[in-house]
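Numbering (full-length UniProt numbering), first residue to last: 1 to 310.
Glycine residues also receive a C-beta, built at the ideal position from the N, C-alpha and C atoms.
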Ligand code: NAD
Ligand code: UDP
């Protein structure tokens, strides 16, 4: 099949391009390189079945493709808050462009949605049936509400135009190819530990997240896209839940460092807890994660050590 991956030069997108090529597909990678980089896909540039197109997803595009994966959107709070209006346009107009293309060429189209649609959840763990608790006017709203609107667009194109959709809600995912300056917690803690700098825990560090290794996530993407029974939304994430202090301690165990934990202000609207209910993915996709946090952190640390030239 010929597959379009928007955001294909980013952390997850580049791993998805690898997997699609390994499975024998042709890949067109569309990316404006805002948070992605050529380095993530440089090993693919000589592959005749791979094509890189530098383009913004908010400007219309046309390709004859069978599948579209829409991953284009900055994912870390400092990056998506850098230009919040652009972030919301990327989710909303980018989705309309992907859906319009899917409608024209009859492609199956996949949306990388997020656990952020649950906001600061009042139900724990979060099943897909939970509608969420999201601030519409805060610093995180450009991302959360952009992704929520994108989901609505996917389901309206499906109902109104019969577009063949798949929607996944991704919970915090980490691994090699994250940017050292990405700003998300796993990369921050690892980079700080490797450089011997203070580990910056925001607030009291009792807030929780559930961390999924990238390879498990990509397997979930492929299972959802390759079956005909469900459209989603489906949660894909690792239910292993950790406080940020526990995460910091895990990193400190694995890196030989003088770094110490320090506390910094908690950003506004920071969700207090987050854990996926993955019953639907287990039942319908036969999917569950295989890589526990302590195992996934090791190759991620090795990656950053090399990336930073340490
Ligand atoms: P990332 O920042 O590494 O990747 C995003 C990619 O999209 C980058 O390559 C960036 O250059 C590109 N991009 C951004 N705006 C664009 C635009 N206007 N036009 C074209 N390309 C654009 O982040 P990631 O972690 O790989 O996230 C990929 C997708 O998965 C995003 O949609 C994100 O919202 C979603 N997601 C990720 C996580 C996670 O924990 N990694 C969690 C939930 C959702
Ligand atoms: N966090 C932290 N120190 C950092 C970066 C993040 O304690 O250097 C916290 C942040 O406040 C949040 C959690 O880690 O509670 C996860 O943050 P991240 O930005 O990775 O993802 P998100 O909040 O979008 O889930």
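Under the three-state DSSP convention, the category residue i falls into
i: residue 293; result: helix
i: residue 212; result: strand
i: residue 87; result: helix
i: residue 305; result: helix
i: residue 269; result: coil
i: residue 25; result: coil
i: residue 37; result: coil
i: residue 174; result: strand
i: residue 6; result: strand
i: residue 288; result: coil
i: residue 220; result: helix
i: residue 118; result: helix
i: residue 179; result: coil
i: residue 250; result: helix
i: residue 167; result: strand
i: residue 274; result: coil
i: residue 300; result: helix
i: residue 16; result: helix
i: residue 30; result: strand
Continuous alpha helix (DSSP H) stretch holding residue i: start and end
i: residue 143; result: 141–161
Straight-line gap, residue i to residue j (C-alpha atoms, nearest Å)
i: residue 96; j: residue 84; result: 18 Å
i: residue 305; j: residue 182; result: 15 Å
i: residue 212; j: residue 101; result: 31 Å
i: residue 171; j: residue 216; result: 12 Å
i: residue 120; j: residue 227; result: 31 Å
i: residue 200; j: residue 37; result: 26 Å
i: residue 77; j: residue 184; result: 7 Å
i: residue 122; j: residue 116; result: 13 Å
i: residue 70; j: residue 165; result: 11 Å
i: residue 167; j: residue 41; result: 25 Å
i: residue 231; j: residue 252; result: 40 Å
Boundaries (first-last residue) of the beta strand (DSSP E) holding residue i
i: residue 185; result: Looking at the DSSP string, residue 185 is not in any beta strand (DSSP E); the run it does join, the alpha helix (DSSP H), is 185–195.
i: residue 235; result: 234–236
i: residue 241; result: 241–243
i: residue 261; result: 261–264
i: residue 255; result: No beta strand (DSSP E) contains residue 255, which DSSP labels as neither H nor E.
i: residue 313; result: Since the first residue shown for the chain is 1 and the last is 310, residue 313 is missing from the structure and cannot be characterised.
Ligand 1 heavy atom lying under 6 Å from the CB of residue i
i: residue 56; result: yes
i: residue 35; result: yes
i: residue 281; result: no
i: residue 172; result: yes
i: residue 114; result: yes
Residue i: CB within 6 Å of a non-hydrogen atom of ligand 2
i: residue 184; result: yes
i: residue 202; result: yes
i: residue 177; result: no
i: residue 18; result: no
i: residue 111; result: no
i: residue 206; result: no
i: residue 77; result: yes
i: residue 209; result: yes
i: residue 144; result: no
Any non-hydrogen atom of ligand 3 closer than 6 Å to residue i Cβ
i: residue 150; result: This structure simply doesn't include ligand 3; it includes ligand 1 and ligand 2 instead.
query = Whole beta strand (DSSP E) runs in the region 52–114 with 3 or more residues, listed along the chain?
reply = 67–70, 108–114
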